[in-house]
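Residue numbers (my numbering): 2 to 287.
No residue lacks a Cβ here, since even glycine has one placed at the ideal position from N, Cα and C.
The model shown is predicted, which means the values in this text are computed figures rather than measured ones.
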């Protein structure tokens, strides 16, 4: 109806001209009446053909719309992504990575929450969230764990702090000054890791100020309350120019991971976001 010649119709459909002619003849035979008058200039639709076209054209439009949707989903430009993250990543690296991910995906809808470790794992295993981003989880029943990047714990402190003169800070150095610790709790494994490093060094872990999250520790360090021991992901996204970063020994490795439900493969959008985060961490490595 649009092309009015079998040659142009064949070009649009990506088939041969004889295939179009044969299909048209078969359709007319099935209907029992002529759909097009054949002339030297091409095909002229009959009144019967126009009536049928008016009925089926909305269906073709709907099918074209479905085809467009399929292409968008295939290219991960359309869909839904429900993310949960723990604070060290959820309030530092992930928002920046998410901005980059959505730059050319305006039709992807995001649900994003920051929780403790247990809540992130629970929501992913229950199917409430599609993907969880957190630190230090090696395995968990009901989850597939995908390592993203390995970081470590380090110190952040004001540039004029006496310990800023050191390249590496140890627990023995910290106990001579005020320092900000991460609380040992089920919500975060980082506090237990720091406590273990102090014990390994033969030093008692007893900070004057204790917080739940690394970004809170960084804020307090920026206010001059002491040296903060934080993960390198949080340290990398410090907003203050007054704070400096120093290595912490003994070294405490912490791995950023993505988790998805074990019995449910991630959607194309979720898998694409995992790749985005992996690339983001690689680019942001100092």
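How would you call residue 212, buried or exposed, if buried means at least 16 neighbouring beta carbons within 10 angstroms? buried
Which two residues bound the contiguous alpha helix (DSSP H) that contains residue 123? 118-126
Can you find the residues in the same chain that come closer than 8 Å, C-beta to C-beta, to residue 178, ignoring five residues on each side of it along the sequence? 162, 163, 164, 227 and 228
Examine the Cβ distances between the segment 256-275 and the segment 132-140 and report whether three or more of them are shorter than 8 Å. yes
C-alpha gap between residue 108 and residue 56, whole angstroms: 31 Å
By Cβ distance, which residues of its chain are closer than 6 Å to residue 85, with the 5 residues on each side in sequence left out? 114, 116, 121, 124, 130 and 133
Give me the Cβ distance between residue 221 and residue 181, rounded to the nearest whole Å; I'm assuming they're in contact under 8 Å. 5 Å
Nearest to residue 248 by CA position, among 277, 187 and 157, is which residue? 157
Could you give the C-beta distance for residue 216 and residue 202, rounded to a whole number, given that I count them as a contact under 8 Å? Not really, about 25 Å apart at Cβ, beyond 8 Å.
Do the CB positions of residue 155 and residue 240 come within less than 9 Å of each other? no
For residue 214, which beta-bridge partners are listed by DSSP? Residue 214 is not bridged to any residue.
Which term fits residue 282, buried or exposed, when burial requires 16 or more other beta carbons within 10 angstroms of its beta carbon? buried
9 Å Cβ cutoff met for residue 272 and residue 144: no
Whose CA, out of 198, 98 and 168, lies closest to the CA of residue 279? 98
Cutoff 6 Å; reference residue 169; Cβ partners in own chain excluding five residues on either side: 248 and 250
C-alpha distance - residue 252 paired with residue 185, whole-angstrom precision: 18 Å
Quick one: is residue 219 buried, meaning 16 or more other Cβ sit within 10 Å of its Cβ, or exposed? buried
Distance CB(residue 16)-CB(residue 149) smaller than 9 Å: no
My understanding is that residue 37 touches residue 46, with C-beta atoms under 8 Å, so please give their C-beta distance in whole angstroms. 6 Å
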